[in-house]
Structures are given as structure tokens and as C-alpha cells.
Ligand SMILES: [Zn+2]
């Protein structure tokens with residue numbers, strides 16, 4: 004019996020080994036195979052896949068809470084929201100030391116009233132509201148005057164500032180198809196109303212300059228433009244970046260009695276010499292940090308010196324209210340940590356460094372500068 008079974012056993016063994024060899028020659032597309040591919044020097048993967056862990060060992064820690072209470076000058080909260088959700092927002096604000104949210108999503112008319120009823124009545128000291136003009140009637144000859152009158156009404160209903168969204172300059176058009184330019188004189192009554200009412204006007208003009216550039220391997224925002232193709236601003240559909248910036252700068256210089264805030268550091272945080280020159284030439288201008296902390300995080304030395312020099316002109320801002328994302332802002336502004344991660348790779352595939360700003364500069368950015376622009380906020384709630 005054994006004499007017969009033994010050869011059969013070896014035959015079976017050979018069979019199994021052969022099968023294994025076939026499997027190795029053409030591996031199925033499994034995660035093991037992907038891992039194998041990544042181990043090959045020169046193996047290909049996309050920028051989106053590459054996610055190396057850092058082996059750098061240096062001191063550093065998390066910054067879950069701002070060192071001082073801060074006023075977020077660039078926040079968005081929809082006016083109609085159930086009270087439980089607003090309670091949750093306030094709990095999140097408390098956790099990160101956010102004293103006041105400046106809600107730029109006020110709109111005009113009934114929306115302003117809804118925000119005041121829902122947010123301000125419930126939390127009188129925690130929410131500030133900005134109004135925005137309604138562009139639907141710009142073809143009417145007295146639109147500017149009407150919009151200015153509406154703004155005065157909105158201020159009576161609780162608005163403490165004016166917000167212009169990015170559609171202004173990029174997308175708002177007259178009926179004949181021509182673009183409403185940022186410095187179009189039909190808006191002059193609105194800027195004059197801001198000066199008269201002593202309220203700031205915050206403008207989001209344009210987009211990051213790379214959104215206006217070809218989407219190729221040299222584009223610093225390639226990943227974002229691949230994931231969000233609608234963010235691209237090709238020249239056949241939109242004005243050029245520099246054209247928008249020129250319109251904006253002319254507007255700021257023309258209305259010297261109006262206090263302007265350039266949102267997102269005017270999209271020049273990647274060129275602080277340019278931004279500094281702009282601030283030097285425009286004493287009625289402030290800037291705020293929303294969505295561009297990654298540009299400071301990659302230039303800790305230049306960024307530190309610039310912040311110290313322009314400490315009276317910078318406001319804290321974040322844009323999207325996500326409590327988990329603020330600690331990166333705190334860490335860039337406050338720490339001297341090195342090479343720590345940013346929270347959204349398609350904004351910045353590079354790592355961050357802390358600016359290690361002095362306390363007095365931090366206080367100005369976090370709340371002192373905002374208190375100058377928003378005098379209705381009770382300053383006694385903040386450290387001196
Ligand atoms: Zn925003």
C-alpha cells in the first residue's frame with residue numbers, strides 16, 4: 004500500500020508548488036501587491052497616495068486651546084439653526100478659547116433678523132453678524148443708493164460690518180454680460196455708508212493665484228484642482244488674478260475713510276513683501292488669516308518678523324468652523340515647534356513650523372485689533 008501512496012503524495016506536493024508559482028507570476032490586484040509595488044525603488048504612486056510618516060524626533064506638543072481668548076473675524080454659520088446646534092457651537096468655541104464668532108453669512112433683510120433672533124438673543128456676547136449686499140438689481144440706476152439704505156437698515160437690525168463674497172469680482176455680472184468690477188463706482192454709496200456707520204468691510208477678492216494658472220505638474224494646488232475642478236479659474240471664463248488685485252487695490256485707495264479687511268491675507272501670504280507694501284500704502288486696510296495659515300507655517304523666520312512688524316493690522320480668522328482644525332493655527336502662531344502636520348493636504352503638502360510670536364503680538368492678532376474694528380464687543384472680557 005505505502006509503495007503506491009508515497010509517489011502519489013510527492014505528485015500532489017509538486018502540484019501545489021506549481022500552483023503557487025503561477026499565483027506569484029500574476030498576482031491579483033490586492034493590497035499586498037500594492038505594498039509590494041511601493042517597496043520597489045522608482046515605483047509609481049500618485050501625489051495623493053504618498054503619505055510618509057515623519058521620522059524626525061524634536062520637542063513639540065499639541066495646542067488644543069488658544070493661549071488667549073480670540074475673536075474669529077471670519078466665520079460662517081447659517082442664520083436658521085436649531086438651538087441645540089447653536090449650543091454645540093458655543094461648547095466647541097469654549098473648548099478652543101474662541102470668545103466671539105464673527106458670522107459673515109448674514110446676508111440682508113430677513114436673514115439678519117433670523118440670525119439676531121437665533122444666535123444673538125441666546126448668546127448676546129458670542130456672535131457678531133456681518134451683512135452682504137444683494138446684487139440682483141445692479142442694472143437699476145439707483146441700485147447703489149438702495150443697497151446703502153438696506154445696509155443701514157441691516158445695521159439697525161444688528162449687523163456690525165459688511166462682507167463681500169468672492170462672487171463679487173469673479174461672477175457678478177450686468178445683464179449685458181459685462182462683469183461687475185471690484186472698483187465699479189456703482190458701489191461707492193455702500194463704501195461711503197460703511198465709513199459713515201463706522202463699520203468695517205471685509206472683502207474676499209479672487210482666489211489663490213494658482214487657481215488661475217494651468218493645472219499641470221508645476222501647480223502648487225494641483226491636488227485641490229483635481230479634487231475640486233470647479234475651483235479652477237481659467238482665463239476664458241474669468242478675469243486674471245492680477246486684474247482682480249489691481250481693481251481691489253484701487254478701491255482701497257479710493258475710499259480712504261472706509262476701513263477695509265482683505266480676507267485670506269488678500270491671497271498674498273505667499274508674498275509677504277508684497278502684502279507689507281500694500282499695508283504701508285493703505286492705512287485703512289487690515290488683513291485676516293482665514294484658510295492661509297499654511298503660508299505662514301512654511302516661512303517661520305520671515306513670517307515671525309512680518310507679524311511683528313504688522314502686528315497692528317492682522318486679525319485672527321479661520322473660515323470653516325471646525326473646532327478640530329484651529330489647533331494648527333494656534334501652534335503656528337504660538338509655538339516654536341518644527342515640522343508638524345497641516346490638516347488638509349490639498350491646501351499644503353508641506354509641514355508647518357511655529358512662528359513663536361511674542362505675547363503682545365498674539366494678543367493683538369487674537370483680539371485687540373478686532374476690538375478696534377468692532378467696538379460693540381465688550382473689551383473688559385479680554386486680558387489687557
Ligand atoms: Zn469665508
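In our numbering, the protein residues as written are 4 to 387. Even for Gly, the Cβ is constructed at its ideal location relative to N, Cα and C. Owing to the predicted nature of the structure, the values given are computational and were not obtained by experimental measurement.
| task | Identify which residue in 155, 219 and 151 has its Cα closest to the Cα of residue 190. | result | Translated into the one-based positions of the chain shown, residue 190 becomes position 187. The shortest C-alpha separation from residue 190 is found at 151.
| message | Could you check whether the Cβ of residue 107 sits closer than 7 Å to any heavy atom belonging to ligand 1? | response | Indexing the chain shown from 1 puts residue 107 at position 104. Yes; taking the cut-off as 7 Å, the Cβ of residue 107 has a heavy atom of ligand 1 nearer than that.
| By Cβ distance, which residues of its chain are closer than 7 Å to residue 303, with the 5 residues on each side in sequence left out? | Counted from its first residue, the chain shown places residue 303 at position 300. If we look at residue 303 and ignore the five residues flanking it on each side, its Cβ neighbours are 356, 357 and 358.
| field | Pair within 8 Å by beta-carbon distance, residue 154 and residue 241 | value | Locating residue 154 in the chain shown gives position 151, where the first residue counts as 1. Locating residue 241 in the chain shown gives position 238, where the first residue counts as 1. Against a cut-off of 8 Å, the Cβ pair of residue 241 and residue 154 comes out as no contact.
| said: Quick check on this structure: which residue in 299, 333 and 307 has the alpha carbon closest to the alpha carbon of residue 353? | reply: Against the chain shown, residue 353 aligns to sequence position 350. Of 299, 333 and 307, the residue nearest in Cα terms is 299.
| request: Check whether the Cβ atoms of residue 185 and residue 208 lie closer than 8 Å to each other. | output: The count along the chain shown starts at 1 and reaches residue 185 at position 182. The count along the chain shown starts at 1 and reaches residue 208 at position 205. Yes, Cβ-Cβ distance for residue 185 and residue 208 is below 8 Å.
| task | Provide the residue(s) that pair with residue 176 in DSSP beta bridges, ordered along the chain. | result | As a position in the chain shown, residue 176 is number 173, starting the count at 1. Looking at the DSSP assignment, residue 176 forms a beta bridge with 182.
| said: According to DSSP, is residue 59 part of a helix, a strand, or is it coil? | reply: Against the chain shown, residue 59 aligns to sequence position 56. In the structure shown, residue 59 sits in coil (DSSP, three-state: anything other than H, G, I, E or B).
| field | Per DSSP, the bridge partner or partners of residue 239 | value | The sequence position of residue 239 within the chain shown is 236, counting from 1. Answer is none; residue 239 lacks a bridge partner.
| field | Ordered list of beta strand (DSSP E) runs contained in the stretch 73 to 135, each at least 3 residues | value | 73 to 78, 101 to 106 and 130 to 134
| query | In three-state terms, what does DSSP make of residue 158? | reply | Sequence index remark: in the chain shown, residue 158 carries index 155 (1-based). Residue 158 falls in the helix class under three-state DSSP.
| request: Kindly identify the DSSP beta-bridge partner or partners of residue 290. | output: What you label residue 290 is simply residue 287 of the chain shown in a count that begins at 1. Per DSSP, 265 and 317.
| message | If I measure Cβ to Cβ from residue 95 and keep anything under 6 Å in the same chain, skipping five residues before and after, which residues do I get? | response | For this step, residue 95 is matched to residue 92 along the chain shown. Hits under 6 Å: 326.
| message | Given the structure, does residue 75 come close to ligand 1, in the sense that its CB is under 7 Å from one of the ligand's heavy atoms? | response | For this step, residue 75 is matched to residue 72 along the chain shown. For ligand 1, not one heavy atom lies less than 7 Å from the Cβ of residue 75.
| message | By the three-class DSSP mapping on this structure, what secondary structure does residue 48 have? | response | Position 45 of the chain shown, counting from 1, holds the residue named residue 48. In this structure, residue 48 counts as coil in the three-state DSSP scheme.
| For residue 166, which three-state DSSP category applies? | As a working note, residue 166 is residue 163 in the chain shown. The answer is strand: DSSP assigns residue 166 an E or B state.
| task | May I ask you to list the residues that DSSP assigns as paired with residue 219? | result | Looking up residue 219 in the chain shown gives position 216. Answer is none; residue 219 lacks a bridge partner.
| request: Measure the beta-carbon distance from residue 289 to residue 376 and round it to whole angstroms, keeping in mind my assumption that it falls under 8 Å. | output: Numbered from 1 along the chain shown, position 286 holds the residue referred to as residue 289. Numbered from 1 along the chain shown, position 373 holds the residue referred to as residue 376. About 7 Å separates the two Cβ atoms, so the contact holds.
| residue 293 beta carbon near ligand 1 (any heavy atom closer than 7 Å) | Taking the first residue of the chain shown as position 1, residue 293 is located at position 290. Because some heavy atom of ligand 1 lies under 7 Å away, the Cβ of residue 293 counts as near it: yes.
| task | Return the Cβ separation of residue 297 and residue 382 in integer angstroms, given the expectation that the two are a contact with Cβ distance under 8 Å. | result | Position 294 of the chain shown holds residue 297. Position 379 of the chain shown holds residue 382. About 31 Å; that fails the 8 Å criterion.
| Start-to-end residues for the beta strand (DSSP E) that takes in residue 206 | As a working mapping, residue 206 is identified with position 203 in the chain shown. Per DSSP, residue 206 belongs to the beta strand (DSSP E) from 204 to 206.
| message | Please classify residue 124 as buried or exposed, where buried requires at least 16 neighbouring CB atoms within 10 angstroms. | response | In the chain shown, residue 124 corresponds to position 121, counting from 1. It counts as exposed.
| query | Is residue 98 buried or exposed, if buried means 16 or more other CB atoms sit within 10 Å of its CB? | reply | As a first step, residue 98 must be located in the chain shown, where it is residue number 95. Per the 10 Å Cβ criterion, exposed.
| Quick one: does the C-beta of residue 79 sit closer than 7 Å to a heavy atom of ligand 1? | Here the question's residue 79 lines up with position 76 in the chain shown. Indeed, a heavy atom of ligand 1 lies less than 7 Å from the Cβ.
| residue 352 by DSSP, collapsed to three states: which one? | For the purposes of this step, residue 352 is taken as residue 349 along the chain shown, with counting starting at 1. Residue 352 falls in the coil class under three-state DSSP.
| query | Between residue 318 and residue 337, is the Cβ-Cβ spacing less than 8 Å? | reply | For the purposes of this step, residue 318 is taken as residue 315 along the chain shown, with counting starting at 1. For the purposes of this step, residue 337 is taken as residue 334 along the chain shown, with counting starting at 1. Contact: no.
| message | Is it buried or exposed, residue 170, if we count other Cβ atoms within 10 angstroms and call 16 or more buried? | response | Mapped onto the chain shown, residue 170 falls at position 167. Exposed.
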